[in-house]
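**Q** Handing you this structure, nothing more for now.
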Amino acid sequence: MDSERPRGTRDFTPEDMSKRAFVEKALRNVASRFNYGEVLFPAFEHTQLFQTKSGEEIAGHMYVFEDKSGRSLCLRPEATASVARMFGTSLRNRHKPVKVFYFGPMYRYEEPQKNRYREFWQFGFELIGSDSKESDAETILLAVECLRALNIDYSLEISHLGVARALLEETGLDEKQQDHIIACLDRKNTGEVKKTLKDGNLLKLMELKGNMEAIEKAKEITGQNQKANDALGRLEEVAELLDSARVQYSVNLGIARGLAYYTGIIFEIRVQNLGAQNQICGGGRYDNLIKMFSGLDEPAVGFAFGFDRLLDAAETQKVSMPEEEKPIVVSPASEDARDKAFEIAAYLRRITARRIELDLMNRKLGRNLEHASNINASFVVIVGLKELKENKVILKDMQQSTQKEVNLEEIAKILL
Ligand code: HAM
54 MDSERPRGTR
64 DFTPEDMSKR
74 AFVEKALRNV
84 ASRFNYGEVL
94 FPAFEHTQLF
104 QTKSGEEIAG
114 HMYVFEDKSG
124 RSLCLRPEAT
134 ASVARMFGTS
144 LRNRHKPVKV
154 FYFGPMYRYE
164 EPQKNRYREF
174 WQFGFELIGS
184 DSKESDAETI
194 LLAVECLRAL
204 NIDYSLEISH
214 LGVARALLEE
224 TGLDEKQQDH
234 IIACLDRKNT
244 GEVKKTLKDG
254 NLLKLMELKG
264 NMEAIEKAKE
274 ITGQNQKAND
284 ALGRLEEVAE
294 LLDSARVQYS
304 VNLGIARGLA
314 YYTGIIFEIR
324 VQNLGAQNQI
334 CGGGRYDNLI
344 KMFSGLDEPA
354 VGFAFGFDRL
364 LDAAETQKVS
374 MPEEEKPIVV
384 SPASEDARDK
394 AFEIAAYLRR
404 ITARRIELDL
414 MNRKLGRNLE
424 HASNINASFV
434 VIVGLKELKE
444 NKVILKDMQQ
454 STQKEVNLEE
464 IAKILL
């Protein structure tokens, strides 16, 4: 039997999972502070859901399969399309804005490398029903607050995809052709862009980076193009709101994003020292997607953290993560006390919230003490028939190497 994992997948040990739970908890806490509610949807969907507007990059990297009835299904490569679909069926009658978050695995058939997996987790947020500048700015602020909660240093870049789209529209390209050029820009394939577009305005625009002066320079390129100038105006407004919230960012008109559904503000967050795959978060406004999947014309904005990269960033930046609480081992003092040890362990689990480990290996006391020190236990509760006659057990403190008899009624206070 093939005992290798499929390429690009990982196993997680209890130690890994306890770190993941810590990061997950921090993000859940921020989601609740911004009043987002959790949603869950299937891990596989109809292939078409993602083929329509996720973009050529993602569409080309999907795990597609046929079910026994011949339907084409795929493992979800991302979740925004699922939320758009779900909005139409289960969330449509809610008061707006609808604010939801999700946490789960996504699947992309990509070439695995450090921080790029075929199964990876996203923690994402979507806000549906508002097209205000505040909803753009608050979405970005939400991403920043997640990083602040974890004490992770980052760099945030913002842009507005409407600027590039308006320039592309001017050249007469239809939406599909525009999507292709934007996908090329995202892959930094400028050769293909040069071949399709005669004037070099779009490429000049994509080189603009910095702060507000990048927006001013962009206006020189967009000239009289009203749609492009409106987009730059929105970018300016959102930048001002971010300033007011003291969020550090830079404007980068070169961001294109790999997904084809974006229509407005877009943003990406990177961290240092993660290697080539250093983008831990990406998102933006997508005002046409909800209509496509639900028939309801609702604007929307959101983003997703690559959860695995976020965790790597936390570890690389030495974010302090709480250690697992030390266990307490329950051991019989002798063979004839084994049943009583079982009973005492059950009792301890009822009266304290501590991690209790009963000897399940039929070890003698000496071996149990060795085991306790191997697993870094804080105490060993030694259950002896003699002590039990007085309703007592022996409590051995593993750190201090001391032991004393303790009454079973009092033990809860000590082990609290
Ligand atoms: P995305 O940029 O494709 O956007 O993915 C979001 C994040 O997922 C990336 O920034 C990255 O950290 C992580 N990620 C992507 N691919 C991999 C991979 N192969 N291995 C590890 N991590 C990966 C989206 O998926 C959009 N749905 C985000 C969004 C939500 N936009 C609006 N709402």
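In my numbering, the protein residues as written are 54 to 469. Here a beta-carbon is modelled for each residue, glycine too, at the ideal position from N, C-alpha and C.
(1) Suppose contacts are defined by Cβ-Cβ distances below 8 Å. Is LEU126 in contact with THR105 by that definition?
(2) Would the beta-carbon of ASP361 be found less than 7 Å away from any heavy atom of the ligand HAM?
(3) Once you ignore the five residues that flank LEU285 on each side, which residues in its own chain have a CB closer than 8 Å to its CB?
(4) With ARG138 and LEU93 assumed to form a contact (beta carbons below 8 Å), what rounded beta-carbon distance in angstroms separates them?
(5) Along the chain, which unbroken stretches of the beta strand (DSSP E) at least 3 residues long are found entirely within the region 392-451?
(6) Let's test the definition: count the other Cβ atoms within 10 Å of the Cβ of ASN168 and tell me whether it reaches 16, buried, or not, exposed.
(7) Round the Cβ separation of GLU179 and ALA313 to the nearest angstrom and send it over; I've been treating them as touching at under 8 Å.
(8) If you draw a straight line from the alpha carbon of GLN330 to that of GLY311, how long is it in whole angstroms?
(9) What does DSSP give as the partner residue(s) for THR142 in the beta ladder?
(10) The beta strand (DSSP E) that contains ILE211, what's its start and end?
(11) Hey, ILE211 and TYR339: beta-carbon distance below 8 Å or not?
(12) Within 7 Å: the Cβ of ILE333 and any heavy atom of the ligand HAM?
(13) Whose CA, out of ASP296, GLY141, LEU203 and ILE111, lies closest to the CA of HIS470?
(14) Between GLU119 and the rest of its own chain, which residues show a CB-CB distance below 7 Å, the 5 nearest in sequence each way excluded?
(15) Should the region 160-176 be called in touch with the region 374-393, which here means at least 3 C-beta pairs below 8 Å?
(16) When you compare each of THR192, CYS199, LEU144 and PRO59 to VAL76 by their alpha carbons, which one comes out closest?
(17) What span of residues does the alpha helix (DSSP H) with VAL106 cover, start to end?
(18) Let me know the secondary structure DSSP gives ASN460 once reduced to three states.
(19) Report yes or no: do three or more beta-carbon pairs, one from the region 378-398 and one from the region 180-198, lie closer than 8 Å?
(20) Report the residue from GLU443, ALA465, SER431 and LYS466 whose alpha carbon sits nearest the alpha carbon of GLN456.
(21) Alpha carbons only, please: which of SER347, ASN146 and ARG362 is nearest the one belonging to GLY328?
(22) Can you look up PRO385 in the DSSP assignment and give me helix, strand or coil?
(23) Are there 16 or more other CB atoms within 10 angstroms of the CB of ALA367, so buried, or fewer, so exposed?
(24) If we count the other Cβ atoms within 10 Å of its Cβ and call it buried at 16 or more, is ARG161 buried or exposed?
(25) Excluding the five sequence neighbours on either side, which residues of its own chain have a C-beta within less than 8 Å of the C-beta of VAL459, listed in chain order?
(26) Leaving out five residues on either side along the sequence, give the residues of the same chain with a beta carbon under 8 Å from the beta carbon of LYS393.
(27) Would you mind reading off the limits of the beta strand (DSSP E) that contains LEU255?
(28) If you check the beta carbons only, do GLY471 and ARG287 fall under 8 Å apart?
(29) Once DSSP output is grouped into helix, strand and coil, what is the label at VAL136?
(30) With DSSP as the reference, label SER85 as helix, strand or coil.
(31) On the CB-based measure, 16 or more other CB atoms within 10 Å of its CB, does ASN421 come out buried or exposed?
(32) Kindly indicate the opening and closing residues of the alpha helix (DSSP H) around GLU109.
(33) What three-state label does DSSP hand LEU288 in the structure shown?
(34) Note down the Cα distance separating ARG201 from MET265, rounded to an integer number of angstroms.
(35) Nearest to LEU461 by alpha carbon, out of MET451, ILE428 and ILE404?
(36) Helix, strand or coil: which one does DSSP assign to GLY336?
**A** This is what the structure holds:
(1) Contact flag unset, no.
(2) Under cutoff, so the answer is yes.
(3) Taken in chain order, the residues that qualify are HIS213, VAL216, ILE268, ALA271, LYS272 and THR275.
(4) Between LEU93 and ARG138 the Cβ distance is about 13 Å, and since that is not below 8 Å, they are no contact.
(5) As far as the region 392-451 is concerned, its whole beta strand (DSSP E) runs of at least 3 residues are 409-411, 432-436 and 445-450.
(6) Buried, by the Cβ-count rule.
(7) About 17 Å separates the beta carbon of GLU179 from that of ALA313, a gap too long to meet the 8 Å contact definition.
(8) Using only the alpha carbons, I get a separation of about 14 Å.
(9) Looking at the DSSP assignment, THR142 forms no beta bridge with any residue, so it has no partner.
(10) 208-213 is the extent of the beta strand (DSSP E) around ILE211.
(11) TYR339 sits away from ILE211, with the two beta carbons spaced by 8 Å or more.
(12) At least one heavy atom of the ligand HAM is nearer than 7 Å to the Cβ of ILE333, so yes.
(13) What the structure shows of the chain is the stretch from 54 to 469, and residue 470 is not part of that stretch, so it cannot be assessed.
(14) By the criterion of a C-beta distance shorter than 7 Å, GLU119 is surrounded in its chain by SER125, once the five residues flanking it on both sides are discounted.
(15) Counting Cβ pairs under 8 Å, fewer than three are found: no touch.
(16) That would be CYS199, whose Cα lies nearest to the Cα of VAL76.
(17) Note that residue 106 corresponds to Lys in the displayed sequence, not to Val. Residue range 100-106 is occupied by the alpha helix (DSSP H) that includes LYS106.
(18) Correct three-state label for ASN460: strand.
(19) No, because fewer than three Cβ pairs between the region 378-398 and the region 180-198 fall closer than 8 Å, the two stretches do not touch.
(20) Considering only alpha carbons, the answer is SER431.
(21) Scanning SER347, ASN146 and ARG362 for the CA closest to the CA of GLY328 turns up ARG362.
(22) Strand, per DSSP.
(23) In the assembly as shown, ALA367 is a buried residue. Its beta-carbon has 16 or more other beta-carbons within 10 Å.
(24) Taking all protein chains shown into account, ARG161 has 16 or more neighbouring C-beta atoms within 10 Å of its C-beta and is therefore buried.
(25) Result list for VAL459: LYS445, VAL446, ILE447, LEU448 and ILE467, in chain order.
(26) Hits under 8 Å: PRO385, VAL436, LEU438 and LEU441.
(27) DSSP places LEU255 in no beta strand (DSSP E) but in the uninterrupted alpha helix (DSSP H) bounded by 254-259.
(28) Residue 471 is absent from the structure shown; the chain starts at 54 and stops at 469.
(29) Correct three-state label for VAL136: helix.
(30) Reduced to three states, the DSSP call for SER85 is helix.
(31) Buried.
(32) Element bounds for GLU109: 109-112.
(33) Correct three-state label for LEU288: helix.
(34) Near 24 Å, if we compare the C-alpha coordinates of MET265 and ARG201.
(35) Selected option, being the one with the closest Cα: ILE404.
(36) If DSSP states are grouped into helix, strand and coil, GLY336 belongs with the strands.
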